[in-house]
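Asker: Could you have a look at this structure, given as structure tokens, before my questions?
Residue numbers (our numbering), protein chains in the order written: chain U, 12 to 168; chain D, 22 to 517.
This is the structure in structure tokens:
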């Protein structure tokens, strides 16, 4: 089964689980009210059941054609993709510490310089320019209180 | 009526009004360019600046921000597949494909031309039919609103490719299911919030859109080996006569659809743009090109959302019921200036009402003059190597999302839905039905609950409402029609 449900099939299987769980929980909210009118659980129940059925049908379709349509991506690009995604996660986790601007400035620099292998000086220049433009537009002009983190750099309006 | 219009142009054509209209259009365009900052935020942020203005001047500037921001959202939809607002989602489908083929300038030009034409059509319709349409809109009850939303969803599902209709339907239902997260509007009961305060107001759909479209697209492009810079010649960025003539019908149909849906309170620009795209995909001679960069796929939804934006003022001005989120903020502005929208407004303050309506036309002329020459220049942004471009897209997407509600929850929503968007692109799952389901989900449930209450729990009340019934049948036909049509020749062959 593990070999059968992979790729797109795994997405549909996940949706079947999600919709069944949400439909199941909908009973706790009350599907109908005393007068027989629709309650808060009605739409989650109906849409949950509908999605479970539709996802199951799509799962069957994808399992049938999976063998015929197996596309392999360049492993190097896939590694780059997950590296960028990991760096994004690191940037988000850094926000409470360094503040929004510093965390995302570092993200731009790290992606440009180390992932995309651009020369260090232009990459640093672009990161600094992007950080300054965002500071000017969002913090100074629009008064958005970006989190300053423990360092308190360039944030909190 | 003509006298009123002449009076309106007289009021709008003062140097001060023209200047502030231009400032509004320009500021709106810039705001619309920033991911997450749409017309609603733009109007709300700049509202305090207008407090010292004359009411008409202030409203003209705020209306300028409204449609300027919509065009700004179109620019990012086309260039980097990042819609600024839900109404621009459908433009990203063909607009972005046109950009990848070096036709970004043409896509942006036709969006400006379509918006301008829609402004003329909607102005003519507003002049001729605003009061009767306001009355008709008043006759639209919950069953009719429910039917219109089902039609919108059916349309978007039906233009998923034949094999993908099931997947499109699944995505639309997923959107509706996700829209049930948060406090139930009818009873105030929190659903699927797991005690998290941020989830009480539901999944924020603008942040979801930024994640799905902007971050999802970036991640997908990285996997594909990064999109090459577009090195189109300057003359290739200009719109051609053939493209203009291909778009004429799409603009006309989009404008009328946009106007009709824009008159309905709550339906708004998003449904209009989706519906116009769906109709065009059915009737266009070039329907096989849809999804791969058909210019009609940009012209129709852009005309529709602009016509709807203008027509949104019908329920706002004539009934005091905002047609959408931005007109709700504008309604607040009306109150601040001591103006009471309602049926008597057209009679009591004709100069203000007709001055504002005339300014839509003037504002759209400015938008056209400003953006036709700028469109090819905006398109030059695509010459920047993607290795430099995508970290900047990521940062502006996240900071834009943060600025909507000023909280980190928005940023995490973008992160999670960025991953979802990547997998949706990887497996070719249609995003538009998911977004529309999420956007209309709350309104859909409200209309469903109200319909149920009207019938004392009996939903068959819909069968007694002729307009709702016809719209529901139309939706059913859209969903089941193509399958039924396929069956007919088979039966004929079998009988032969």
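From the three backbone atoms N, C-alpha and C, an ideal C-beta is built for every residue, glycine too.
#1: Would you list, in chain order, the members of the segment 221 to 248 of chain D that have their beta-carbon closer than 9 Å to a beta-carbon of chain U?
#2: Candidates D:138, D:77 and D:53: which alpha carbon is nearest residue 522 of chain D's?
#3: For chain D, find out if any of its Cβ atoms is closer than 9 Å to the Cβ of residue 35 of chain U; answer yes or no.
#4: Give me, in chain order, the residues of the same chain whose beta-carbon lies closer than 7 Å to that of residue 371 of chain D; leave out the 5 immediate sequence neighbours on both sides.
#5: Using DSSP with H/G/I as helix, E/B as strand and the rest coil, what is residue 306 of chain D?
#6: Do you know offhand how far residue 131 of chain U's Cα is from residue 138 of chain U's?
#7: So is residue 323 of chain D buried or exposed if we call it buried at 16+ other beta carbons inside 10 Å?
#8: Relative to the C-alpha of residue 375 of chain D, which candidate in D:349, D:410 and D:338 has its C-alpha closest?
#9: Less than 9 Å between the C-beta atoms of residue 263 of chain D and residue 321 of chain D, yes or no?
#10: For residue 38 of chain D, report the span of its alpha helix (DSSP H) as first-last.
#11: Go through its chain and collect everything with a Cβ distance to residue 301 of chain D's Cβ below 6 Å, but skip five positions before and after it.
#12: Within 10 angstroms of its Cβ, does residue 36 of chain D collect 16 or more other Cβ (buried), or is it exposed?
#13: Measure the C-alpha to C-alpha separation of residue 30 of chain D and residue 284 of chain D and round it to an integer number of angstroms.
#14: Which chain U residues sit within Cβ distance under 7 Å of residue 426 of chain D?
#15: Output yes or no for whether 9 Å exceeds the beta carbon distance between residue 499 of chain D and residue 178 of chain D.
#16: Just confirm the distance between the C-beta atoms of residue 33 of chain D and residue 81 of chain D, as a whole number of angstroms; I'd bet it's less than 8 Å.
#17: Smallest Cα separation from residue 7 of chain D: which of D:98, D:73 and D:472?
#18: Label residue 427 of chain D either buried or exposed according to how many other C-beta atoms from any shown protein chain fall within 10 Å of its C-beta, with 16 as the threshold for buried.
#19: Beta carbons nearer than 9 Å to chain U: which residues of the segment 467 to 490 of chain D have them?
#20: Return the residue from the list D:381, D:373, D:425 and D:296 that minimises the CA-CA distance to residue 109 of chain D.
#21: Compute the distance between the beta-carbons of residue 64 of chain D and residue 347 of chain D, then report whether it is under 9 Å.
#22: Please list the segments of the alpha helix (DSSP H) lying wholly inside the segment 12 to 88 of chain U, counting only runs of 4 or more residues, in order along the chain.
#23: Quick check: is the beta carbon of residue 29 of chain D nearer than 9 Å to any beta carbon in chain U?
#24: According to DSSP, simplified to helix, strand and coil, what is residue 246 of chain D?
#25: Between D:111, D:434, D:224 and D:104, which has its C-alpha nearest residue 103 of chain U's C-alpha?
#26: Kindly list, in the order they appear in chain U, the residues whose Cβ is closer than 7 Å to that of residue 501 of chain D.
#27: Report the rounded CA-to-CA distance for residue 195 of chain D versus residue 454 of chain D, giving the unit in angstroms.
#28: Can you find the residues in the same chain that come closer than 6 Å, C-beta to C-beta, to residue 106 of chain D, ignoring five residues on each side of it along the sequence?
#29: Leaving out five residues on either side along the sequence, give the residues of the same chain with a beta carbon under 7 Å from the beta carbon of residue 486 of chain D.
#30: With DSSP as the reference, label residue 183 of chain D as helix, strand or coil.
#31: Any Cβ of chain U within less than 9 Å of the Cβ of residue 96 of chain D?
#32: Check the Cβ of residue 61 of chain U against every Cβ in chain D and list those closer than 7 Å, keeping chain order.
#33: Quick one: is residue 141 of chain U near chain D, going by C-beta distance under 9 Å?
#34: Is the beta carbon of residue 234 of chain D less than 9 Å from the beta carbon of residue 475 of chain D?
#35: Assuming residue 477 of chain D contacts residue 47 of chain U under a Cβ cut-off of 8 Å, what Cβ separation, rounded to an integer in Å, is found between them?
#36: I want to verify the contact list: residues of chain D whose CB lies under 9 Å from the CB of residue 47 of chain U, in sequence order.
Answerer: Result, derived from the coordinates:
#1: 236, 239, 240, 241, 243, 244, 245, 246 and 247
#2: Any answer about residue 522 of chain D is impossible in this case: the structure gives chain D only from 22 up to 517.
#3: Mapped onto the first chain, residue 35 of chain U falls at position 24. Residue 35 of chain U does not count as touching chain D.
#4: For the purposes of this step, residue 371 of chain D is identified with residue 350 of the second chain, where counting begins at 1. So the list reads 25 and 28, once near-sequence residues are dropped.
#5: For the purposes of this step, residue 306 of chain D is identified with residue 285 of the second chain, where counting begins at 1. The answer is coil: DSSP assigns residue 306 of chain D none of H, G, I, E or B.
#6: Counting from 1 along the first chain, the entry for residue 131 of chain U is found at position 120. Counting from 1 along the first chain, the entry for residue 138 of chain U is found at position 127. Rounded to the nearest angstrom, the two C-alpha atoms are 10 Å apart.
#7: Stepping through the second chain from its first residue, residue 323 of chain D is reached at position 302. Classification for residue 323 of chain D: buried.
#8: Taking the first residue of the second chain as position 1, residue 375 of chain D is located at position 354. Of the candidates D:349, D:410 and D:338, the one whose C-alpha sits nearest the C-alpha of residue 375 of chain D is D:338.
#9: Here residue 263 of chain D refers to the residue found at position 242 of the second chain. Here residue 321 of chain D refers to the residue found at position 300 of the second chain. Not a contact, by the Cβ cut-off of 9 Å.
#10: Along the second chain, one-based indexing puts residue 38 of chain D at 17. Run containing residue 38 of chain D: 36 to 54, per the alpha helix (DSSP H) assignment.
#11: The count along the second chain starts at 1 and reaches residue 301 of chain D at position 280. So the qualifying residues of the chain are 271, 317 and 321.
#12: The sequence position of residue 36 of chain D within the second chain is 15, counting from 1. It is exposed - the Cβ of residue 36 of chain D has fewer than 16 other Cβ atoms within 10 Å.
#13: As a position in the second chain, residue 30 of chain D is number 9, starting the count at 1. As a position in the second chain, residue 284 of chain D is number 263, starting the count at 1. Using only the alpha carbons, I get a separation of about 22 Å.
#14: In the second chain, counting from the first residue as 1, residue 426 of chain D sits at position 405. The premise fails here: residue 426 of chain D is roughly 10 Å from chain U at the closest Cβ pair, so nothing lies under 7 Å.
#15: Here residue 499 of chain D corresponds to residue number 478 of the second chain, with the count starting at 1. Here residue 178 of chain D corresponds to residue number 157 of the second chain, with the count starting at 1. It is a contact, given that the beta carbons lie within the stated cut-off.
#16: Position 12 of the second chain holds residue 33 of chain D. Position 60 of the second chain holds residue 81 of chain D. Yes, residue 33 of chain D and residue 81 of chain D are in contact; Cβ-Cβ is about 6 Å, under 8 Å.
#17: Outside the modelled stretch of chain D, which goes from 22 to 517, sits residue 7 of chain D, for which no answer is possible.
#18: Translated into the one-based positions of the second chain, residue 427 of chain D becomes position 406. With fewer than 16 Cβ atoms within 10 Å of its Cβ, residue 427 of chain D is classed as exposed.
#19: 469, 470, 472, 473, 474, 476, 477, 478, 479 and 480
#20: Here the question's residue 109 of chain D lines up with position 88 in the second chain. Residue 109 of chain D has its Cα closest to that of D:296, out of D:381, D:373, D:425 and D:296.
#21: As a working mapping, residue 64 of chain D is identified with position 43 in the second chain. As a working mapping, residue 347 of chain D is identified with position 326 in the second chain. Yes. Within cutoff.
#22: 19 to 37 and 53 to 77
#23: Walking along the second chain from the start, residue 29 of chain D turns up at place 8. Taking Cβ atoms only, chain U never reaches closer than 9 Å to residue 29 of chain D, which makes this a no.
#24: What you label residue 246 of chain D is simply residue 225 of the second chain in a count that begins at 1. Reduced to three states, the DSSP call for residue 246 of chain D is coil.
#25: Locating residue 103 of chain U in the first chain gives position 92, where the first residue counts as 1. Checked all of D:111, D:434, D:224 and D:104; the closest Cα to residue 103 of chain U is D:434.
#26: By one-based count along the second chain, residue 501 of chain D stands at place 480. Under the 7 Å cutoff, chain U gives no residues; its nearest Cβ is about 15 Å from residue 501 of chain D.
#27: If you number the second chain from 1, residue 195 of chain D lands on position 174. If you number the second chain from 1, residue 454 of chain D lands on position 433. Taking the straight line from one Cα to the other gives about 9 Å.
#28: As a first step, residue 106 of chain D must be located in the second chain, where it is residue number 85. So the list reads 59 and 94, once near-sequence residues are dropped.
#29: Taking the second chain and counting its residues from 1, the one referred to as residue 486 of chain D is at position 465. 164 and 165.
#30: Start at 1 with the first residue of the second chain, and residue 183 of chain D comes out as number 162. Confidence at residue 183 of chain D is low in this model, with a pLDDT of 45, below 50, so its placement is unreliable and the value that follows should be read with caution. Here residue 183 of chain D sits in helix by DSSP.
#31: By one-based count along the second chain, residue 96 of chain D stands at place 75. Residue 96 of chain D does not count as touching chain U.
#32: Residue 61 of chain U sits at position 50 when you count from the first residue of the first chain. Those within 7 Å of residue 61 of chain U in chain D are 194.
#33: What you label residue 141 of chain U is simply residue 130 of the first chain in a count that begins at 1. Closer than 9 Å to some Cβ of chain D, the Cβ of residue 141 of chain U qualifies, so yes.
#34: By one-based count along the second chain, residue 234 of chain D stands at place 213. By one-based count along the second chain, residue 475 of chain D stands at place 454. Going by C-beta atoms, residue 234 of chain D is not nearer than 9 Å to residue 475 of chain D.
#35: In the second chain, residue 477 of chain D corresponds to position 456, counting from 1. In the first chain, residue 47 of chain U corresponds to position 36, counting from 1. Sure, about 7 Å apart at Cβ, within 8 Å.
#36: Here residue 47 of chain U refers to the residue found at position 36 of the first chain. Per Cβ cutoff of 9 Å: 473, 477, 478 and 479.
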